[in-house]
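Count along the sequence shown from 1, add 1, and you get the number used in my numbering. Don't be surprised by glycine CBs; every beta carbon is placed ideally from N, CA and C. Only one structure is covered here, and it is reproduced in the block below.
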Amino acid sequence: SVFPKQLLSPELKTESQYTTLKWYNKDSEKSISKVIQDSEKSISKEIRDLEQSVREEVIRSIHEVCQKLDDVTNKDLDEAERVEFAKQEKVVNRWRSCLIEEYTSKDASQITPLPWLEFEPHFSLEKMYKEPNITAKDGSKVEIRKLFESGPRRKTGRVLLEGNPGVGKTSFCKKLVNSWALLQNSEPC
């Protein structure tokens, strides 16, 4: 017989199946082997394509999950930062209020013009203060308000106040603080 026994089983009854089988038989085992190899290549390619597709889908899904986690984490972090900032702002405002109170109503707003009158009544800065003459390093006169001006060319971070004893350095500092506190007290925080 030209066909192997399994090919002649009762299940294979149609003429087209026999014709196909005969064709394979006529072209020899090499043809069958080639068809199998081609089928294996085709199946392998389909498997690789499916693997790649699944891999890409999994990576895309992972990226989506990571993005959602980042969004949730950042939202929580932003909320935590807002809460922390609100706490800090509350503390700063409380301290500002305390400083304003201290510098506008207590001893900080009072001066003793003569040190030996320490236990005598104090005088308010507004009544007794005389603005000092301030001189820059180069010898030019400086207005008090210009000491603290800001702008693109002015970056005054610190001011060094020098002078002989008794010329009013401490009173000047008290006046600056008192002026700041009065200004803050008149503006809403």
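Within the chosen definition, does the stretch 164-183 reach the stretch 92-104 through at least 3 CB pairs nearer than 8 Å?
-> Using a Cβ-Cβ distance cut-off of 8 Å, the stretch 164-183 and the stretch 92-104 are in contact, since at least three pairs of beta carbons, one from each stretch, lie closer than that value.
For the 8 Å Cβ check, are there 3 or more pairs between the stretch 129-139 and the stretch 157-173?
-> Between the stretch 129-139 and the stretch 157-173 there are three or more inter-stretch CB-CB distances shorter than 8 Å, so the stretches are counted as touching.
So is Lys131 buried or exposed if we call it buried at 16+ other beta carbons inside 10 Å?
-> Reading the sequence shown from its first residue, position 130 is the one you call residue 131. Residue burial is scored here from C-beta neighbours: Lys131 has fewer than 16 other C-beta atoms within 10 angstroms and is therefore classed as exposed.
Those residues which DSSP pairs with Ile135 across a bridge | In the sequence shown, the residue the question calls residue 135 occupies position 134. For Ile135, the beta-bridge partners assigned by DSSP are Val143.
Would you say Leu177 faces chain C, with C-beta separation under 7 Å as the test?
-> The structure shown contains no chain C; it holds only a single protein chain.
Could you have a look at Tyr130 and say whether DSSP puts it in helix, strand or coil?
-> Position 129 of the sequence shown holds residue 130. Of the three classes helix, strand and coil, the one that applies to Tyr130 here is coil, per DSSP.
Alpha carbon to alpha carbon, how far is Asn75 from Leu177? Give it in angstroms, no decimals.
-> The count along the sequence shown starts at 1 and reaches residue 177 at position 176. The count along the sequence shown starts at 1 and reaches residue 75 at position 74. The alpha-carbon atoms of Leu177 and Asn75 are separated by roughly 43 Å.
Which term fits Lys175, buried or exposed, when burial requires 16 or more other beta carbons within 10 angstroms of its beta carbon?
-> Within the sequence shown, the letter at position 174 stands for residue 175. That one is buried.
Put Val160 into one of helix, strand or coil per three-state DSSP.
-> As a first step, residue 160 must be located in the sequence shown, where it is residue number 159. In the displayed model, Val160 falls within coil according to three-state DSSP, outside both helix and strand.
If you run the structure through DSSP and keep just helix, strand and coil, what is Val36?
-> To locate residue 36, count along the sequence shown from 1; it is residue 35. Looking at Val36 - three-state DSSP - the assignment turns out to be helix.
In angstroms with no decimal places, state the Cα-to-Cα distance between Glu65 and Arg56.
-> Looking up residue 65 in the sequence shown gives position 64. Looking up residue 56 in the sequence shown gives position 55. So the two alpha carbons sit approximately 14 Å from each other.
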